[in-house]
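If you use the working numbering, the sequence shown corresponds to residues 751 to 1034, in order. Note that beta-carbon positions come from the ideal geometry of N, C-alpha and C, so glycine has one too. Since this is a predicted model, take the numbers as computed values, not measurements.
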Amino acid sequence: MQYASWYYVSVKARICIEFYRLEVFVLPEPSKVKARFMLIYDSVFCILALVAIYIAFCDLTSGCTDVQIMVDNLITTIFVVDYIVRLLVSDHKKAFIKNNVLDLIAIIPFTSLFKIFRVFKMFKILKALKFLKFARFSAYFARFYKRVKFFFNVNGLKYMVFVSLACILAGGIAIHFVEGMSFFDGIWWSFVTATTVGYGDISPATPAGRVIAALLMITGIGLIGSLTSTLTALFFQRHESETKKDARAEIIKTLQAQLDNFDNLTDDDIEAICKTLKSLHEPK
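Here is the structure:
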């Protein structure tokens, strides 16, 4: 009897450990508020990164206005706070710094440094800063790409976008030769036609040009349909993920209730609990 008692105690301990591993590593408590916050957070930083890309491009080409510099400083401050907060909450800080080098480059205030070194006429450092400004532009673009990458991976949207851009470029080149338009007018017409806007400021007059227009219209309809289905799939994936987490959480609560009544469980009940825990640990 003493052996049997110790056996059941050990089984109960093992099941408790499995519950701990499952709750901590596999089944975190779903939080709809947190999910909504992360969606808003990603959207805001995606927009900020896009604005920063534009300002960095202006800085590389024609220089920034005072308003653009103020906006750039504000965005840089937001990125600095974001980087520091994520670094502080990270459990593996060295790995975080290593994996977020571009984010670190993006928060360096090159515009202010450029002015400081200009005062002291340190020309070699100025040349290095010009190169680093380009690196910062690349960092902003990489951050923007990282934010939208998941969206473009849903339903193969990235392939559709690539094909559409290739068709727009090909259509612009083709209409340039067929209709005698300038290259940029051809690209503009091709883009307007593919997006099914059709301003009518430029229109093909030859049969070959109209065939090209028809093909671009079909491509545009396909792109819009793919974009719509991708948005739908994105929302369904989020809802499905939350539903699965809720269902698994209910299973865990049921097993915990059975475990609280451990002394009345049979060997078959214990075996069933162990099998259920094992199945929940298996990757889906």
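(message) Can you find the residues in the same chain that come closer than 8 Å, C-beta to C-beta, to K843, ignoring five residues on each side of it along the sequence?
(response) L837
(request) Under 7 Å Cβ to Cβ from M967, same chain only, skipping five residues before and after it: list those, please. (result) T943 and T946
(message) With a threshold of 8 Å on Cβ separation, who are the neighbours of G972 within its own chain once the five nearest residues in sequence on each side are excluded?
(response) M910 and S914
(request) Flag this pair as yes or no: are the beta carbons of L854 and Y833 separated by less than 8 Å? (result) Yes, the Cβ-Cβ distance between L854 and Y833 is below 8 Å.
(message) Among D822, F829 and S793, whose alpha-carbon lies nearest the alpha-carbon of Y804?
(response) D822
(message) Quick check: V928 and T956, are their CB atoms within less than 8 Å of each other?
(response) yes
(message) Helix, strand or coil, according to DSSP, for Y949 in the structure here?
(response) coil
(message) Beta-carbon within less than 7 Å of E1021's beta-carbon, same chain only, minus the 5 sequence neighbours each way: which residues are those?
(response) none
(request) Output yes or no for whether 8 Å exceeds the beta carbon distance between S940 and G922. (result) yes
(request) Can you have a look at A964 and say buried or exposed, based on whether 16 or more other CB atoms are within 10 angstroms of its CB? (result) exposed
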